[in-house]
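**Student:** Before anything else, here's the structure in question.
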Amino acid sequence: MAALRTSLCVLCLLLHLGLLQAHTSDHKAKEEAMAVLIDKMTSSYTAANLSLTNLVNTAKTLTHPHNQNCLRKGLEVFDSVANIVTFIDYFGSLVRCAHAFMFKSSPEMMYLKRHFTQVNKLLASISAEAGPLPSTKLWPSTQAELILNAWSRLEQLVGDLAVAESQEEKSRAAARFTAYCESRGVEDAVVGFYRRVAQGGAEAGGEGGGIMQLMGDQSEGDVRLLTWLSSHVTSVLIRGSFVSAVYDKLKSSHARPEPQPATDCLLALSKLIQKTMMDYADGYEKWVRKDVEKIVAHASSTETRISMATDIKAHLDGKFSWFTWSVIVQDSSTEHGFLYGDFITIHVREQTVLLIPRDSEAVVDEGVRAQARKKMQGHKACPVVQEDMTNVFPASVMKHIAFAQSAPDSYSYTTVGDVVVEKCYTSFLFIKTNTYINTVVLKSMESLDNPSCSKLQCQHGSCRQVEQSSSGFCLCETMFYGHRCENSIKDESKDPALVEKINSVDENPVPDISTVYFQLQEQIRHADARGRFQQAKLHHQDLMDKLSFLSYQSMLFDSAQISVDEFLSNVEGVILSKGTCVYLLHQCDGVVMGDGLQADSSLLETLRNLLLHPEPPSLQTRGSIACSETYAEHIDRFVTFFTNLRAGALSACQKYFMYSDNPKPFPPRSAAQGLPQGTGCGPLSANSLLNHHCRTSYHSADQQSIRLRCSGTLKPFPEMVRCSKGRWNALPVCYAEPRNGVTRCRSDNRTTVCEVSCDDGSVFVPEAPTYRCGSPPCEAFVPVGRCKVTRCVSNSSCEDSEVCDGDGRCRDGCSGAPCGPNAACATLNHVPVCTCVGPWVKNPRQECSSPSLHWAHLLHIPNGTVKTPAGWLVCRGQVPNGDWHSGWLYTVAGKESCLLEYDGKTMRAALYELLLDPCAGSGYVWIPGGPHSHSMWTSYTNSTPGSMLFVCSWGGDGLDGKQGFSGTLVQTASGYRCIIALNRAAHSTPDYLTLVRVQAC
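What follows is the structure, encoded as structure tokens:
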């Protein structure tokens, strides 16, 4: 007894140590997961806090004026909203972990509350500085109110989690928050708020345009006012994104950080704000004219022109701060003098105002300014600025002049550092007769030959040049941000180490009431099915034991492990008579197929019911549907087991009566047969049917109904098929439905018939087909043709390549010739897209009139042929595999050929194309590295679809004699390399330059 007690104590101790070790391991995993998550959240919070602070400062733009370039500042601030998105995702994951296993006063819980409080303060500051828009029917007040109320609920949730004493309290707090979001439709409100801001809505009168358009119109071209209004809209959507992210994390099956639909809306809003700012900045001239006319109209009659010019400049420098303004005011009745260059002329109240905008961040060449002043001072004739200015200024200075004027000294002007002003005098007989003021405004060095967009390589976006400015900005795609759109939000959210840690400790989500209800119902059905199966198994346990014993004894006898006498002695207690064997075999058949009297007499039927209600219920979506592969495998295994068991018992009976004292023939004919085939309906099959694994009659049962499922977007007919008297009530078919139409199927005399019909206002072309299938398996029915709309009400009724016109007809989106000359049109998702056909560029909707770099086959060498930095002409030729490789023009005995590399060797192409620059040398530049976004390419590769070959030039210091020769830039396993042909050999280098298109002429 003492030994038994000792053994039990040791066993309990081992069990306790095992549980303690498991608990310690789980606690350690949670600590590691929290450490990684908080580390990622800390780094993202730093960037998000800076972005929110900048957004607060943007909201203070009107009340706290500054001298910064408001356009650049606004674009940068709303680009940095992407940093807030990353933090929101990590914050939602941390709240999920707080609900799962963080408790009161833990450092992680205090960390969560502290950071949320700081974010709340910053968002409150934005709301305090930038209030909502004036009352307008466009303002989505309902959605905004829902979002702000949900934000209050999130504040309450964070507070409750921080003081919760138990897991029950935290679960109740999380359930209250998620229930509120569901009952109010908060997630839909967030998306709806964004749509109203971006697009407007039918409830606003269907006028088109949203809050962004309204804010742009109300700002009257003032980017400061536009950013002020946008900051309030953004703060509302930031709150909504926080709420939605926390809700999604609490309800999802994992806490892994990843972008959510609400944060996608926030990103899209920030990109829309940037685009709107650029659009209204490009239309600055309209607002400049209105503002100047208003200033001059309200000026007093005694105000001097110099005072008026000063007021105009102060206003324009503040409102349109991305320009530095030179202002000239003069009497409209006086002579204006000679004018040269780009400027804005405004006539109001007998005054003529000349405005010369220049990029506020531009830098003028000081040497050019000094040279211009020297030329003006040294010119003997007056006025200096005249029609033939080339007599005054050399060509090197002329290309720097943006504006020039020479007028009598009767006008007033403002000067800035980049304006050169000189007076000159005319005289008669040494008497001074007139005084002229000569004004020259110089261009920035940036705007001469290298516009900003030619150097700003936007990796995942497009460069947008500010009109009349040398400044360019990258407008990034939705999931990218940064100065060059180089940062990916998805990549920043992806962290395999963090995902692995979170997956190891992830807890169950907060369920909703309906989910809990149906899970309980499924658990009840599973428990009932398992109980019936166990009851049937116990009911037949004695029979199964006897059959197993007989089968085992037969196996021992067959393998000579027991003698005849031993065999007879072992089984005679079970086999009392011939009738006993017949009874046992009959009972075996009843165990499998049922006796028709009791509902639960068939063990196979109770197993089938158990398979359709597995544990846990979620497994039902993983292949446990009726006639699925898993379902059929379990039933096959069961039937095979009983078939072998019956065969072994039958063999034992045969041996017993053969070797007994009174041998008798056995068994009767009925007992010799195998298991019955069941009461089911045999094969259930159709092409593209997923649950088609019911092949024999025992896979199904009489009166069993099976829900059908098809692959992809195909639909099943019928949705439920029923087995009755050994036949399925219909032949199953998987079918597709046409757009703007429906497919209807019916069962007609054991034949499945499907017909297509179109919606009102549509007709099927070429002709509506009728499908018939009389024997399984039926082919999938995918109608050939389409429902052509005869009268549409919206674009959604038409094909993707069509639009709905005013007459209710679907027409090709390009039929209205929406594109300009030299542009190709293609309609994508009901939107006509214009693309300039090479070599033409510029605005494809207006006119593709300015050619860029292009390849051409010529018999002569024009002046505009592109050259390498060393002066070699660039050409390309077609190699045997169909690709085009670039090289350099090689002349032998007066004959030109293109020398290029192919397959590691040199090749001379007698038929070649030259690369032409219509801009006479100013349309391209050689830049180290690449390829860049505007790098000139030669062709796509046939060996690797989608890969491109680019024009390159050998770099280096020139000591190897290869510098400046052009070749082909190809991508290798070790990166991009420039391959040239020289001296009958191919050479490659990672040190190269690529040819980049700079501008159009």
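Numbered by mature numbering (1 follows the signal peptide of the UniProt record, and there is no 0), the letters in the sequence shown go through residues -22 to -1, 1 to 979 in order.
Backbone N, C-alpha and C define an ideal beta-carbon position, used for all residues, glycine too.
1. From Gly865 to Ser466, what does the alpha carbon distance come to, in whole angstroms?
2. Considering Phe695, what are the terminal residues of the beta strand (DSSP E) in which it resides?
3. Who are the Cβ neighbours of Lys297 in its own chain at under 6 angstroms, not counting the five residues just before and after it?
4. When DSSP builds the beta bridges, which residues end up paired with Asn465?
5. Out of Gly953, Arg975, Ser952 and Tyr868, point me to the one whose CA is closest to Asn943's CA.
6. Give the list of continuous alpha helix (DSSP H) stretches no shorter than 4 residues that lie fully inside the region 70 to 154.
7. Which same chain residues, not among the five before or five after Gly551, have their C-beta less than 7 angstroms away from its C-beta?
8. Helix, strand or coil for Asn841? Go by DSSP, reduced to three states.
9. Start and end of the beta strand (DSSP E) containing Asp309?
10. Only counting the same chain, and skipping five residues up and downstream in sequence, which positions put a Cβ closer than 6 angstroms to that of Met256?
11. Only counting the same chain, and skipping five residues up and downstream in sequence, which positions put a Cβ closer than 8 angstroms to that of Val762?
12. So, with DSSP's three-state summary, where would you put Ile16?
13. Exposed or buried, what is Leu28 when buried is set at 16 or more other beta-carbons lying within 10 Å of its beta-carbon?
14. Drop a sphere of 10 angstroms on the beta-carbon of Ser774, count the other beta-carbons inside from all chains shown, and report buried for 16 or more, exposed for fewer.
15. Can you tell me whether Pro968 is buried or exposed? The criterion is at least 16 other CB atoms within 10 Å of its CB, across all chains shown.
16. Return helix, strand or coil for Arg962, following the three-state DSSP convention.
17. How would you label Ser278, buried or exposed, when you count the other beta carbons within 10 angstroms and need 16 or more for buried?
18. Should Ala959 be labelled buried (16 or more other beta-carbon atoms within 10 Å of its own) or exposed?
19. Give the straight-line distance between the Cα atoms of Arg50 and Ile216, rounded to the nearest whole angstrom.
20. Can you list, in chain order, the residues of its chain with a C-beta nearer than 7 angstroms to that of Val55? Leave out the 5 residues immediately preceding and following it.
21. Do you know how far the Cα of Arg854 is from the Cα of Thr916?
22. If you drop the 5 nearest sequence neighbours on each side, which residues of the same chain put their C-beta closer than 6 angstroms to that of Gly933?
23. Whose CA, out of Lys633, Lys845 and Gln435, lies closest to the CA of residue 980?
24. Given a cut-off of 9 angstroms on the beta-carbon distance, is the pair Cys402 and Pro335 in contact?
25. What number of angstroms, rounded off, separates the C-alpha of Gln856 from the C-alpha of Ser913?
26. To the nearest angstrom, how far is it from the Cα of Leu135 to the Cα of His438?
27. Name the one or two DSSP bridge partners that residue 1025 has.
28. Within the region 724 to 805, note down every full beta strand (DSSP E) run reaching 3 residues or more, in order along the chain.
29. Tell me which residues share the same chain as Ala25 and place their Cβ nearer than 7 angstroms to its Cβ, disregarding the 5 neighbours each side in the sequence.
30. Given 8 angstroms as the limit, is there contact between the region 658 to 665 and the region 690 to 706, that is, 3 or more CB pairs closer than that?
31. Where does the unbroken beta strand (DSSP E) through Ile334 begin, and where does it stop?
32. Could you tell me the boundaries of the alpha helix (DSSP H) in which Ala350 lies?
33. Any idea which residues DSSP pairs Glu879 with across the strands?
34. Could you pull out every residue in the same chain whose Cβ sits closer than 8 angstroms to the Cβ of Trp904, ignoring the five residues on either side in sequence?
35. With a threshold of 6 angstroms on Cβ separation, who are the neighbours of Gly786 within its own chain once the five nearest residues in sequence on each side are excluded?
36. If you draw a straight line from the alpha carbon of Gly460 to that of Asn920, how long is it in whole angstroms?
**Tutor:** Inspection of the coordinates gives the following:
1. 36 angstroms
2. Lys693 to Phe695
3. Asp200
4. Tyr459
5. Per the sequence shown, residue 943 should be read as Phe rather than Asn. Ranking Gly953, Arg975, Ser952 and Tyr868 by Cα distance to Phe943 puts Tyr868 first.
6. 85 to 107 and 119 to 141
7. none
8. coil
9. Phe301 to Asp309
10. Arg442
11. Pro747
12. helix
13. exposed
14. exposed
15. exposed
16. coil
17. exposed
18. buried
19. 22 angstroms
20. Asn32, Leu33 and Thr36
21. 7 angstroms
22. Asp969, Tyr970 and Leu971
23. Residue 980 cannot be examined here, being either before or after the span of the chain that is shown, -22 to 979.
24. no
25. 20 angstroms
26. 38 angstroms
27. The structure shown does not extend to residue 1025, since the chain is modelled only from -22 through 979, so no value can be given for it.
28. 729 to 736, 740 to 743, 748 to 751, 764 to 767, 780 to 782 and 788 to 790
29. Asn61
30. yes
31. Gln329 to Asp337
32. Glu344 to Gly356
33. Thr884
34. Thr846, Pro847, Ser931, Leu971, Thr972, Leu973 and Val974
35. Arg769 and Cys770
36. 34 angstroms
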